[in-house]
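Novice: Numbering follows numbering that gives the first Met the number 0, in which position 76 of the sequence shown is assigned residue number 75; successive positions increment by one, without gaps. By construction, the Cβ of each residue, glycine as well, lies at the ideal position given by its N, Cα and C atoms.
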Amino acid sequence: MAARCSNCGNLLLPPKPMCTKCLSTDLKWTEIEKRGKLLTYTIIHVAPTQFQSMVPYTIGIVELRNGLKLPGMIRDVEPQEIEVGMELEVDFDTTLPSQWPPWPRYFFRRP
Ligand SMILES: [Zn+2]
Numbered sequence: 000m001a002a003r004c005s006n007c008g009n010l011l012l013p014p015k016p017m018c019t020k021c022l023s024t025d026l027k028w029t030e031i032e033k034r035g036k037l038l039t040y041t042i043i044h045v046a047p048t049q050f051q052s053m054v055p056y057t058i059g060i061v062e063l064r065n066g067l068k069l070p071g072m073i074r075d076v077e078p079q080e081i082e083v084g085m086e087l088e089v090d091f092d093t094t095l096p097s098q099w100p101p102w103p104r105y106f107f108r109r110p
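(1) Counting only runs that start and end within the region 27-52, where is the beta strand (DSSP E) found for 3 or more residues in a row?
(2) Confirm, please, whether the CB-CB distance from L37 to I73 is below 9 Å.
(3) Tell me the DSSP secondary structure of E183 in three-state form.
(4) Smallest Cα separation from P55: which of R104, V76 and V61?
(5) Compute the Euclidean distance between the alpha carbons of I42 and D25, then round it to the nearest angstrom.
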């Protein structure tokens, strides 16, 4: 979900309490497109403590079809198969340990 400004239509992801274009506070939740293309990525070999069991893992920035850019982990794709421009979609995982972050975790995978 993102916040859409009712005044100018700007989409805010992550949501903010005020529109970054026109400063309106009249914002509404809107469901966003979950598919997009990979813009860039990096493979993590030295991770924070809570992610050390997952190394190596890939973090990428995906440009969703509405133009929003979202960073996140890419799963179920071998590092050598990852390509800039590949189609990915957002999915959610509730099975990971819940120490951090304390909200539902999203990740990217092949559609
Ligand atoms: Zn606005």
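Specialist: Straight from the coordinates:
(1) 34-43
(2) What you label residue 73 is simply residue 74 of the sequence shown in a count that begins at 1. What you label residue 37 is simply residue 38 of the sequence shown in a count that begins at 1. Yes. Within cutoff.
(3) Residue 183 is absent from the structure shown; the chain starts at 0 and stops at 110.
(4) The residue given as residue 55 occupies position 56 in the sequence shown. Ranking the options by Cα distance to P55, first place goes to V76.
(5) Counting from one through the sequence shown, the residue named residue 42 turns up at place 43. Counting from one through the sequence shown, the residue named residue 25 turns up at place 26. In a straight line, the C-alpha of I42 is about 39 Å away from that of D25.
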